[in-house]
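Numbering (this note's numbering), first residue to last: 334 to 397. Data block below; observations after.
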Amino acid sequence: MRLTYKNLAQQAAASEKRGDFSEAAHQWQQASRSATGSNILWAEQRAEFCAGSARRNALQEPTA
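In structure tokens form, the structure reads like this:
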């Protein structure tokens with residue numbers, strides 16, 4: 334079953350709310366491939382934002 338843009342965007346938004354920005358970035362990238370019109374740019378920009386947030390979070394995590 335192929336997921337629609339709406340399904341993928343909802344999953345990505347839920348991942349963002351959980352703070353799982355790495356997963357959200359991946360899901361937004363998937364969503365951008367099934368998006369049309371202005372949703373393509375939106376999904377690409379969300380993916381970039383989430384990837385940056387994931388990198389920042391990784392830098393802030395204490396090391397053992």
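A virtual CB, placed ideally from N, CA and C, is assigned to each residue, including glycine. Note that this is a predicted model, so its numbers are computed, not measured.
Using a threshold of 7 Å, state whether the C-beta atoms of residue i and residue j are closer than that.
i	j	result
Leu341	Gln363	yes
Trp361	Ala347	no
Our contact map puts residue i next to residue j with C-beta atoms below 8 Å; I'd like the distance itself, whole angstroms only.
i	j	result
Ala368	Tyr338	5 Å
Note down, in chain order, each residue of its chain lying with its Cβ closer than 6 Å to the Cβ of residue i, except the 5 sequence neighbours on either side.
i	result
Ser365	Ile373, Ala376 and Glu377
Glu349	Ala357
Ordered along the chain, which non-local residues of its own chain (more than five positions away) have a Cβ less than 8 Å from that of residue i?
i	result
Asn390	Gly352 and Phe354
Arg335	Ser367
With a threshold of 7 Å on Cβ separation, who are the neighbours of residue i within its own chain once the five nearest residues in sequence on each side are excluded?
i	result
Ser371	none
TODO: Taking 8 Å as the threshold, find out whether the stretch 376–389 comes into contact with the stretch 356–368 through three or more Cβ pairs.
DONE: In short, these stretches touch, since the Cβ pair count reaches three.
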